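Please read the structure below before turning to the comments.
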Amino acid sequence: MLKNLNPKAQIKRLRYIYHAAPAPLKGKLKVCLYLACSLPIVDLIIVFVTYVLMMALQKQSLTVLGLTFGANSLFIAIMLFIGVTLVRQLLEFLSVRESRRFTQFLYRQYSAKLLKNYMSMSWRSFSKETKAVRMKHLVATSLDSAYSYQVFFNFISSALNLLLLAGSMFLVAPKIVLGGLVLLALFMRFSSKALKSKINQATDAHNVHEQRYYNHLNESLNMFREMRIFGVSEKMGDRALGELEQLSEAKVRLSILPYTPRIVMESVFTVAIGIGILYVIFVDRTDTPQLIASLASFMLLARRMIPSMSMLLSSYSELEGTYSQLQVLHREFSDMPEQEEDRAQTNPPGHELLVLSHVSFSYEGRGKETIENFSMNVSAGDRISITGESGKGKSTLMMILAGFMEPHKGEVKRSALIQPKLHGIAYVPQETALLSGTILENIVFGNETVDEEKVMRVLSLVKLEELIGKLPEGLQTVVGDNGMFLSGGQRQRLGIARALYHEPQLLLLDEATSALDEETERQVMASISTCMKNSAVVFISHRKENSKTHATKVVEL
Numbered sequence: 011m012l013k014n015l016n017p018k019a020q021i022k023r024l025r026y027i028y029h030a031a032p033a034p035l036k037g038k039l040k041v042c043l044y045l046a047c048s049l050p051i052v053d054l055i056i057v058f059v060t061y062v063l064m065m066a067l068q069k070q071s072l073t074v075l076g077l078t079f080g081a082n083s084l085f086i087a088i089m090l091f092i093g094v095t096l097v098r099q100l101l102e103f104l105s106v107r108e109s110r111r112f113t114q115f116l117y118r119q120y121s122a123k124l125l126k127n128y129m130s131m132s133w134r135s136f137s138k139e140t141k142a143v144r145m146k147h148l149v150a151t152s153l154d155s156a157y158s159y160q161v162f163f164n165f166i167s168s169a170l171n172l173l174l175l176a177g178s179m180f181l182v183a184p185k186i187v188l189g190g191l192v193l194l195a196l197f198m199r200f201s202s203k204a205l206k207s208k209i210n211q212a213t214d215a216h217n218v219h220e221q222r223y224y225n226h227l228n229e230s231l232n233m234f235r236e237m238r239i240f241g242v243s244e245k246m247g248d249r250a251l252g253e254l255e256q257l258s259e260a261k262v263r264l265s266i267l268p269y270t271p272r273i274v275m276e277s278v279f280t281v282a283i284g285i286g287i288l289y290v291i292f293v294d295r296t297d298t299p300q301l302i303a304s305l306a307s308f309m310l311l312a313r314r315m316i317p318s319m320s321m322l323l324s325s326y327s328e329l330e331g332t333y334s335q336l337q338v339l340h341r342e343f344s345d346m347p348e349q350e351e352d353r354a355q356t357n358p359p360g361h362e363l364l365v366l367s368h369v370s371f372s373y374e375g376r377g378k379e380t381i382e383n384f385s386m387n388v389s390a391g392d393r394i395s396i397t398g399e400s401g402k403g404k405s406t407l408m409m410i411l412a413g414f415m416e417p418h419k420g421e422v423k424r425s426a427l428i429q430p431k432l433h434g435i436a437y438v439p440q441e442t443a444l445l446s447g448t449i450l451e452n453i454v455f456g457n458e459t460v461d462e463e464k465v466m467r468v469l470s471l472v473k474l475e476e477l478i479g480k481l482p483e484g485l486q487t488v489v490g491d492n493g494m495f496l497s498g499g500q501r502q503r504l505g506i507a508r509a510l511y512h513e514p515q516l517l518l519l520d521e522a523t524s525a526l527d528e529e530t531e532r533q534v535m536a537s538i539s540t541c542m543k544n545s546a547v548v549f550i551s552h553r554k555e556n557s558k559t560h561a562t563k564v565v566e567l
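If you read the sequence shown in the working numbering, its first letter stands for residue 11, the second for the next number, and so on.
See the structure below:
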């Protein structure tokens, strides 16, 4: 939010942006900065060379810095002008290329760091924000934060350009330059105050509508079937598009507001340049050869200064927004909640894989504990059925067993075989999440080593081998977005096959067979029990027959 658009505040923001760059990238940042600062210096040299060239064209001698350019130095002056101009073009190309590379590299690094942090968060911390907010930070906030360095380079380059070129003009028309600088300072001060409230409102509106749009968009894509079946697709789509329309209007306002004073200032500056030229002609009364050379240099100065003036005003306005985004990103880094940790204080004795001792858990804002003073042992070979009425904490208990949540009271001891980071646990929820790729990719799930024989074996265990055999592309069949080309039961069995492929020591099934018919469920559960004879299975099932048939222990909540 815009609070203080004054030079001191802008210098503070520039320093913050500079020091906020990651340490390994400081070298690249300095290279970009040096290139940006070299352009104003070369522009000044071009103005000087132009003056020399104009004097040589008029066959006038000129001595500068001990060097004398005689009446016959035209060829040298032309070559000098061409050479310096080409150097300037090369430096500009290098400056643009390196600054763009730097900002894009920074964008990738910011997004990668955020993604890594999100993926290592505890489930409870991860679920405190919506996926839309996480996505916004990964894409928009990271991009805007990286773009702050482009604004930084533009600001430094344009400010230095104005300083050097105005200094040159000061030698010709000091009163005009001093008046112009005073006018510029007053104009920037006045425009910042005049626009402050309007930019504040536009910024707030932009942030609110952007957040809402991401949320509505995420809901529309995730709840496609529900919206279609209840006949609210158009209504929900209009809701998202309404936020998009207001977001677009806020973006337009944010882009126009800084642009308006720039146009006015350019017009004022052009008038000032004209007055300066009149001053040189009628007040300074310079000799004709020097007058022509001075006017040519003056016009070139003006040609360089007006774009620099525009860039400075744009950067001056943009700096606050990009600075704010960079602060948001760094808060996201510094405020990152605790990451997943292996919390086994001691290993359970014997063949015990996991021990819960007097565990209690409650969700924030609900007051009453979902699980209270609960104890449980899980050993190799166990087949434990978790039963209880809806809302008694069955799924919450599964999340604690999986290591996604930690109890508020009590202790969880895990064997070294099932520490979450060692992938000794497999968790299959009722709503199976699938990659949009092939069946094979969904089963190996990130493993670089692919054992197709093993893949077919686990597919056979979950009774999918017949389906795979009928598909023209077999294991290479694409399942679509979250398995949209598969039935609910097929998705669940594919999720179980994925878990079995990774050979866990502890398999957690949270109503993972709810979409299967009774016979298929019985066969799949029997296959799981057989193939995991030396491992433990904890399951929740909506059919009581499963507890009787497959469980060695029944735990009722």
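Just so you know, even glycine gets a beta-carbon here, dropped at the ideal spot from N, CA and C. Just so we're clear, the structure is a prediction, and the values are computed from it rather than from any experiment.
Which residues mark the beginning and the end of the beta strand (DSSP E) in which residue i is found?
i      : result
Gly420 : 419-424
Glu362 : 362-371
Using the three-state DSSP reduction, which class does residue i fall into: helix, strand or coil?
i      : result
Asn452 : helix
Phe180 : helix
Asp520 : strand
Ala31  : coil
Lys570 : The question about residue 570 has no answer, for the chain in this structure spans 11 to 567.
Met535 : helix
Met570 : Nothing about residue 570 can be read from this structure; the chain reaches only from 11 to 567.
Glu229 : helix
Ile550 : strand
Val460 : coil
Asn210 : helix
Ser389 : strand
His512 : coil
Gly413 : coil
Ala122 : helix
Leu251 : helix
Phe4   : It is not possible to answer for residue 4, since the shown part of the chain is limited to 11 through 567.
Ala443 : coil
Lys473 : coil
Leu496 : coil
Met542 : coil
Gly331 : helix
For the alpha helix (DSSP H) containing residue i, name the first residue and the last one.
i      : result
Ser524 : Ser524 -> no alpha helix (DSSP H), and no H or E assigned at all.
Thr559 : 554-560
Thr380 : Counting along the chain, Thr380 falls outside any alpha helix (DSSP H), and DSSP gives it neither H nor E.
Thr397 : Not the alpha helix (DSSP H): Thr397 falls in the beta strand (DSSP E), residues 393-397.
Val7   : Here the chain comprises residues numbered 11 to 567, so residue 7 is not present and cannot be evaluated.
Leu45  : 36-67
Glu485 : Looking at the sequence shown, residue 485 is not Glu but Leu. Looking at the DSSP string, Leu485 is not in any alpha helix (DSSP H), and its letter there is neither H nor E.
Met145 : 141-146
Taking all protein chains shown into account, do 16 or more other C-beta atoms lie within 10 angstroms of the C-beta of residue i, making it buried, or fewer, making it exposed?
i      : result
Met129 : exposed
Lys473 : buried
Val465 : buried
Ser137 : exposed
Ile21  : exposed
Lys554 : exposed
Thr213 : buried
Glu342 : buried
Asn452 : buried
Leu257 : buried
Asp527 : exposed
Ser385 : exposed
Gly177 : exposed
Val262 : exposed
His219 : buried
Asn556 : buried
Within 6 Å: the Cβ of residue i and any heavy atom of the ligand SAH?
i      : result
Pro417 : The ligand SAH is not part of the structure shown, which contains no ligands of any sort.
key: Inter-stretch contact at 8 Å, needing at least 3 Cβ pairs: the region 533-553 / the region 382-401   = yes
ask   = Is it true that the region 159-178 meets the region 325-334, where meeting means three or more beta-carbon pairs spaced less than 8 Å apart?
value = yes
query = Three or more beta-carbon pairs under 8 Å between the region 443-453 and the region 481-493, yes or no?
reply = yes
request  = Determine contact between the region 85-101 and the region 25-41, defined as no fewer than three beta-carbon pairs at a distance below 8 Å.
outcome  = no
message = Quick test of the definition: if touching needs 3 or more C-beta pairs under 8 Å, does the region 140-152 touch the region 109-124?
response = yes
inquiry  = Three or more C-beta pairs under 8 Å: does that hold for the region 105-123 against the region 57-65?
reply    = Too few Cβ pairs lie closer than 8 Å, so no.
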